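Taking it in order: structure first as structure tokens, then the write-up.
In the working numbering, the protein residues as written are 8 to 300.
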């Protein structure tokens with residue numbers, strides 16, 4: 008192992024608070040390893056590479072190559088989009104009469120991914136009126152129950168959905184002019200996915216309903232005012248209830264009056280019979296003619 012010695016100039020402060028640097032010589036000793044001998048194998052290999060290179064000095068080496076540019080490489084995430092529409096959005100419900108039918112259509116957006124959807128409903132407005140409305144949904148979203156708690160299964164069918172709403176007859180506390188707003192939420196999600204995750208879309212349909220109870224029935228006249236029963240009359244205008252009972256005092260007085268009147272009539276007949284008898288007794292019988300000699 009050989010050692011190499013070097014000298015260098017270094018600058019140091021003479022004291023810890025001095026602003027001056029004083030040069031002084033520094034001696035450095037380094038251990039230097041002897042050069043390694045190159046093996047014959049490595050030397051031979053270098054000769055094999057170098058000799059051909061020297062022989063072809065001044066020549067040109069080239070390869071076939073080409074370069075192209077790739078453009079319009081735009082990547083975009085897919086989308087799930089649809090719209091919901093109803094043939095009408097408001098109606099007046101009459102208790103116990105014709106049902107109201109809403110036809111609702113789901114339309115996919117351009118380029119939308121395949122999706123499934125389901126419907127849920129919430130209500131706002133007059134509680135008695137909203138609670139008295141029943142709903143019936145046909146395929147592809149069958150449902151039967153209260154309109155305030157609509158909740159269907161899911162489907163991928165795009166067939167228009169018919170929703171039938173009915174106001175129950177005799178519903179208590181329902182008066183004309185009450186309003187109920189039905190909010191139908193259509194929640195769609197990627198086919199094969201989970202609702203509310205991955206790709207999804209939510210749309211709403213608002214239905215405004217107004218209460219209109221049936222008109223009052225025609226007033227039926229009392230039995231006493233209708234007189235005797237006439238089978239040719241319309242049965243809807245004649246009460247099936249028995250005639251009202253008359254007051255007992257009035258009935259007794261009427262019977263007593265009829266009895267007195269009958270007695271008076273009998274007395275008058277007897278008096279007329281007596282007078283007729285007296286008149287007959289005063290009539291002298293006819294005398295036979297006297298014969299003359």
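Backbone N, C-alpha and C fix where the C-beta goes; we use that ideal spot for every residue, glycine too.
Source: prediction; values computed, not measured.
CB of residue i within 8 Å of CB of residue j, strictly
{"i": "residue 148", "j": "residue 189", "result": "no"}
{"i": "residue 347", "j": "residue 74", "result": "It is not possible to answer for residue 347, since the shown part of the chain is limited to 8 through 300."}
{"i": "residue 127", "j": "residue 88", "result": "no"}
{"i": "residue 102", "j": "residue 176", "result": "yes"}
{"i": "residue 212", "j": "residue 111", "result": "yes"}
{"i": "residue 98", "j": "residue 216", "result": "yes"}
{"i": "residue 100", "j": "residue 165", "result": "no"}
{"i": "residue 124", "j": "residue 94", "result": "no"}
Residues that residue i bridges to, as DSSP identifies them
{"i": "residue 36", "result": "12"}
{"i": "residue 93", "result": "111"}
{"i": "residue 98", "result": "216"}
{"i": "residue 172", "result": "107, 142"}
{"i": "residue 7", "result": "For the chain, the structure presents residues 8 to 300; residue 7 sits outside this window and is missing."}
{"i": "residue 130", "result": "189"}
{"i": "residue 124", "result": "162, 195"}
{"i": "residue 209", "result": "194"}
{"i": "residue 30", "result": "18"}
{"i": "residue 119", "result": "86"}
Euclidean distance between Cα positions of residue i and residue j
{"i": "residue 184", "j": "residue 108", "result": "20 Å"}
{"i": "residue 229", "j": "residue 105", "result": "Because the pLDDT of residue 229 is 43, which lies under 50, any placement of that residue in the model is unreliable, and the question is left without a value."}
{"i": "residue 122", "j": "residue 182", "result": "42 Å"}
{"i": "residue 219", "j": "residue 153", "result": "19 Å"}
{"i": "residue 146", "j": "residue 186", "result": "28 Å"}
{"i": "residue 71", "j": "residue 48", "result": "35 Å"}
{"i": "residue 77", "j": "residue 117", "result": "28 Å"}
{"i": "residue 179", "j": "residue 199", "result": "46 Å"}
{"i": "residue 56", "j": "residue 46", "result": "16 Å"}
{"i": "residue 52", "j": "residue 80", "result": "49 Å"}
{"i": "residue 132", "j": "residue 138", "result": "10 Å"}
{"i": "residue 167", "j": "residue 159", "result": "15 Å"}
{"i": "residue 96", "j": "residue 130", "result": "14 Å"}
{"i": "residue 14", "j": "residue 29", "result": "16 Å"}
{"i": "residue 201", "j": "residue 134", "result": "34 Å"}
{"i": "residue 150", "j": "residue 82", "result": "42 Å"}
{"i": "residue 23", "j": "residue 50", "result": "58 Å"}
{"i": "residue 92", "j": "residue 157", "result": "18 Å"}
Residue range of the unbroken beta strand (DSSP E) whose run includes residue i
{"i": "residue 115", "result": "107-115"}
{"i": "residue 71", "result": "From DSSP, residue 71 is part of no beta strand (DSSP E); its letter is neither H nor E."}
{"i": "residue 192", "result": "186-197"}
{"i": "residue 153", "result": "150-153"}
Continuous alpha helix (DSSP H) stretch holding residue i: start and end
{"i": "residue 136", "result": "134-138"}
Whole-angstrom C-beta distance between residue j and residue i, which should lie under 8 Å
{"i": "residue 143", "j": "residue 171", "result": "4 Å"}
{"i": "residue 209", "j": "residue 194", "result": "5 Å"}
{"i": "residue 16", "j": "residue 34", "result": "Between residue 34 and residue 16 the Cβ distance is about 11 Å, and since that is not below 8 Å, they are no contact."}
{"i": "residue 85", "j": "residue 207", "result": "Residue 85 to residue 207, Cβ: 12 Å. No contact."}
{"i": "residue 12", "j": "residue 36", "result": "5 Å"}
CB contact check: residue i to chain C, cutoff 8 Å
{"i": "residue 55", "result": "Protein chain content of the structure displayed is limited to a single chain, and chain C is not contained in it."}
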